[in-house]
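A short worksheet on the structure shown next.
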Amino acid sequence: MKNDTLHLAGVYTKTVMKSWFQYKVDAVLRSLAVFLREATGIIVIYFTLLKFDTLNGWNIYEMLFLFSLLFVTYGILIIFFTGLRDFGGTVRSGNFDRFILRPRGLLFQLIFCNADWFAAIGHGGLGIVLFVISAGKVGVVWNAATIVYYLLAIVGGVLIQGAIFLFLATLNIYLLETNSLKELFYWNMRKFAGYPISIFHKSIQVIMIYVVPFAFVNYFPAQYLLRKSDMAQYPDIFMYLTPLVGGGMYLLAYAFWRFSIRYYKSSGN
Amino acid sequence: MEQFIEVKHVSKSFKISKRAKGIPGTIANLLVPKYEKKQAVQDVSFSIAQGEMVGFIGPNGAGKSTTIKMLSGILYPDAGEIKVNGYIPYKQRREYVGSIGVVFGQKSQLQWDLPVIDSFELLKAIYRIPEATYRKNLNRFMEMLDMVEFINRPVRQLSLGQRMRADIVAALLHSPKIVFFDEPTIGVDVVGKEKIRSFIRELNAEDKVSMIFTTHDMQDIEKTCNRLIIIDKGAKIYDGSIFGIREKYGTTRQLDVEFSENYTVEPIQNVEVKELNELDGRKKRFIFENTQVQIDALMNHLLQNYGIRDINVSEPEIESIIGKIYAGEVC
Numbered sequence: 004m005k006n007d008t009l010h011l012a013g014v015y016t017k018t019v020m021k022s023w024f025q026y027k028v029d030a031v032l033r034s035l036a037v038f039l040r041e042a043t044g045i046i047v048i049y050f051t052l053l054k055f056d057t058l059n060g061w062n063i064y065e066m067l068f069l070f071s072l073l074f075v076t077y078g079i080l081i082i083f084f085t086g087l088r089d090f091g092g093t094v095r096s097g098n099f100d101r102f103i104l105r106p107r108g109l110l111f112q113l114i115f116c117n118a119d120w121f122a123a124i125g126h127g128g129l130g131i132v133l134f135v136i137s138a139g140k141v142g143v144v145w146n147a148a149t150i151v152y153y154l155l156a157i158v159g160g161v162l163i164q165g166a167i168f169l170f171l172a173t174l175n176i177y178l179l180e181t182n183s184l185k186e187l188f189y190w191n192m193r194k195f196a197g198y199p200i201s202i203f204h205k206s207i208q209v210i211m212i213y214v215v216p217f218a219f220v221n222y223f224p225a226q227y228l229l230r231k232s233d234m235a236q237y238p239d240i241f242m243y244l245t246p247l248v249g250g251g252m253y254l255l256a257y258a259f260w261r262f263s264i265r266y267y268k269s270s271g272n
Numbered sequence: 494m495e496q497f498i499e500v501k502h503v504s505k506s507f508k509i510s511k512r513a514k515g516i517p518g519t520i521a522n523l524l525v526p527k528y529e530k531k532q533a534v535q536d537v538s539f540s541i542a543q544g545e546m547v548g549f550i551g552p553n554g555a556g557k558s559t560t561i562k563m564l565s566g567i568l569y570p571d572a573g574e575i576k577v578n579g580y581i582p583y584k585q586r587r588e589y590v591g592s593i594g595v596v597f598g599q600k601s602q603l604q605w606d607l608p609v610i611d612s613f614e615l616l617k618a619i620y621r622i623p624e625a626t627y628r629k630n631l632n633r634f635m636e637m638l639d640m641v642e643f644i645n646r647p648v649r650q651l652s653l654g655q656r657m658r659a660d661i662v663a664a665l666l667h668s669p670k671i672v673f674f675d676e677p678t679i680g681v682d683v684v685g686k687e688k689i690r691s692f693i694r695e696l697n698a699e700d701k702v703s704m705i706f707t708t709h710d711m712q713d714i715e716k717t718c719n720r721l722i723i724i725d726k727g728a729k730i731y732d733g734s735i736f737g738i739r740e741k742y743g744t745t746r747q748l749d750v751e752f753s754e755n756y757t758v759e760p761i762q763n764v765e766v767k768e769l770n771e772l773d774g775r776k777k778r779f780i781f782e783n784t785q786v787q788i789d790a791l792m793n794h795l796l797q798n799y800g801i802r803d804i805n806v807s808e809p810e811i812e813s814i815i816g817k818i819y820a821g822e823v824c
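Heads up: the sequence lines are chains D and X, in that order.
Per the numbering used here, the very first residue in the first sequence carries number 4; after that it's consecutive.
Per the numbering used here, the very first residue in the second sequence carries number 494; after that it's consecutive.
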């Protein structure tokens, strides 16, 4: 049974890859374009930050390390959650009906039918480059414990963002379109998450910890590894919570999805 | 005996957001959304036996699609019960949909950029079709629908007729027991339509697959189905044979007569006379209801009083009867 699901995941992946490779040049350029677009943003920030020695105690390499977590998790995120990110379009075009008509899990189909491998290479690649540049210069001792922690934090960070996508996708069932909510709660918060949250006004910190908990995607995991002094204002336990927050949020979003799918209204012919 | 498809007193309504006009209206709508209830399907019941071919027709917005979507498990009914092949479609989705096939004429389920065969391979994995069954079905359908020449071509390069044939096969590879066709010949040329219809007839005869069609092309129905369900404004208004609908509603007859000279025909009770302006006015059309006027009496009357060269009686096209039913002219 599980084996059979894996087999289908494999066939889906093969099909998606094959579709992209119908236009080989475009596929490769796409990875490159995503990489360069995101990297440009980082370069601009890099030169701006060179004017300061540190930002609330964070030097430039520590900042890049913070960014690298954001990009590595996003790279993995869009392999698995592109279908949920773009769920509004799937509902409006009526394509979701086709998923319902097939004898497989709806989330499973949404996930594997839409995996965006090439954008993932662009985002993830940038994350890895930033990690390589910064990891040796931020004073982290890489041993078995820190590596395991790092990997768990990545998984947790992916799940937190995946849960946000799943939650917004579920809202689509009621509202048909949630792009502006996504803009507000996901993309804007993600911009804040590029910096240590301690530099922001208290209200933004509250949102980033308790409402759209991007702080657990990169700030607190980075703090565990870097131990900057601004961590003093938050409970130490926050540095260990990322996998729990991720798992918990995802389960909640999944329950909301299961509950709501009953109310799905096909968008007509 | 329990029927294969059983629909009992099913109703479904939608909430439609009611928009006031202009920018102030849009803003007001954002703050306090107002909804209007639209009854899409109201207390519809019918049952269909295994192997039956049923045409399901009605004007746009009559509730056809909604009914089909409830039957295929996409929508939950608000009230009533649906049972198909022992399953409740909207509750046992995963178990149920493996036994049905759905063809949306307007929307392909094939991978646009890939050769047709790749979509089929994907469906084989999705439906867990055993290799032997897959091979057998694929070879059989490919031959029946002349698909060999384009099976390895990307879908985007296919003609509409070819794409439709591929889509029909895609819905049948897993040997479904029921197939829903939603406008399966839309936009296809005459030869293509005929190919699709004869394939559907053959499949039904050999495999006893139950089929439900929604279409606006009455030829599709006449050439494939023996039963017709008409739905209008959410309610079922006719359920019976195609032949029966002629008998019940198609009582109008027209008699085209070519006279030997340009007579002025005296008025006849209950018969409308129309000039056809052909053959120097020698051709006239007589329209009447066969419930009011005996056709032999009318013909006798004409033969006795006028010189006649040719005579031709015609029944109304099924299409025009349906048109009249939609327009509310008969019932």
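For each residue, glycine too, the CB sits at the ideal point set by N, CA and C.
- Positions of the beta strand (DSSP E) runs, each at least 3 residues long and wholly inside the region 551-587 of chain X, are given as 572-577 in order along the chain.
- A Cβ-Cβ separation of about 7 Å places LEU568 (chain X) in contact with TYR583 (chain X) under the 8 Å criterion.
- Between ILE730 (chain X) and ILE723 (chain X), the C-beta gap is smaller than 8 Å, which places the two residues in contact.
- In the DSSP assignment, SER734 (chain X) falls within the unbroken beta strand (DSSP E) covering 728-734.
- Residue environment analysis places SER703 (chain X) among the buried positions, since at least 16 neighbouring C-beta atoms fall within 10 angstroms of its C-beta.
- For GLN604 (chain X), the neighbours in chain D by C-beta distance under 7 Å run, in chain order, THR18, SER22.
- Relative to PRO570 (chain X), the option among X:GLY594, X:GLN535, X:ARG720 whose CA is nearest is X:GLN535.
- With respect to the C-alpha of SER807 (chain X), the residue from X:ILE689, X:GLN747, X:GLN599, X:LEU696 having the closest C-alpha is X:GLN747.
- Rounded to the nearest angstrom, the gap between the Cα atoms of ILE801 (chain X) and GLU751 (chain X) is 6 Å.
- Taking C-alpha positions only, ILE814 (chain X) is separated from SER592 (chain X) by approximately 35 Å.
- As a beta-bridge residue in DSSP terms, PHE781 (chain X) pairs with X:ARG746.
- For the pair PRO760 (chain X) and ASN783 (chain X), the Cα-to-Cα distance works out to about 17 Å.
- Cβ-Cβ distances below 6 Å link ALA122 (chain D) to VAL37, ILE81 in the same chain, with the five nearest sequence neighbours on each side left out; the list follows chain order.
- Within the region 11-48 of chain D, complete beta strand (DSSP E) segments of at least 3 residues are not found at all.
- Within the region 32-63 of chain D, not one residue has a Cβ closer than 7 Å to any Cβ of chain X.
- In chain order, PRO199, LYS231 place their CB closer than 7 Å to the CB of TRP61 (chain D), counting only its own chain and leaving out the 5 sequence neighbours on each side.
- Selection D:THR18, D:LEU35, D:LEU53, D:VAL75 evaluated against LEU162 (chain D) yields D:VAL75 as nearest (Cα-Cα).
- Collapsing the DSSP output to three states places LYS531 (chain X) in a strand.
- Taking LYS562 (chain X) as the centre and dropping the five residues before and after it, the same chain places the C-beta of LEU568 closer than 6 Å to its C-beta, in chain order.
- Look at the region 79-162 of chain D and you find these whole runs of alpha helix (DSSP H), each 4 residues long or longer: 85-88, 90-95, 98-103, 109-116, 120-138.
- Of all residues in the region 552-584 of chain X, only SER558, LYS562, SER565, GLY566, ILE567, LEU568, TYR569 place a beta-carbon less than 7 Å from a beta-carbon of chain D.
- Among the residues facing chain D, ASP700 (chain X) is not included, as its CB has no counterpart in that chain under 8 Å away.
- Residues of chain X whose Cβ lies closer than 7 Å to the Cβ of HIS10 (chain D) are, in chain order, ALA618.
- In the three-state scheme derived from DSSP, where H, G and I count as helix and E and B as strand, HIS794 (chain X) is classed as helix.
- Contiguous alpha helix (DSSP H) elements confined to the region 616-643 of chain X occur at 624-637, taking only those with 4 or more residues.
- For GLY800 (chain X), none of the residues of chain D pass the 7 Å Cβ criterion, the least Cβ distance being about 56 Å.
- With a cutoff of 8 Å on beta-carbon distance, PHE70 (chain D) and LEU133 (chain D) are scored as near each other.
- CA-to-CA, the gap between ASN697 (chain X) and ASN719 (chain X) works out to about 12 Å.
- In the three-state scheme derived from DSSP, where H, G and I count as helix and E and B as strand, ARG265 (chain D) is classed as helix.
- Taking a Cβ-Cβ threshold of 7 Å, the residues of chain X close to ARG101 (chain D) are GLN602, in chain order.
- For the pair ILE550 (chain X) and ILE498 (chain X), the CB atoms are not nearer than the 8 Å cut-off.
- Contiguous alpha helix (DSSP H) elements confined to the region 216-264 of chain D occur at 222-229, 245-263, taking only those with 4 or more residues.
- In the three-state reduction of the DSSP assignment, PHE70 (chain D) falls in the helix class.
- Using a Cβ distance threshold of 8 Å, VAL14 (chain D) and GLU614 (chain X) count as a contacting pair.
- Taking CB atoms only, LEU110 (chain D) has no neighbour in chain X less than 8 Å away.
- A residue is called buried once 16 or more other Cβ atoms fall within 10 Å of its Cβ, and ILE693 (chain X) is buried on that count.
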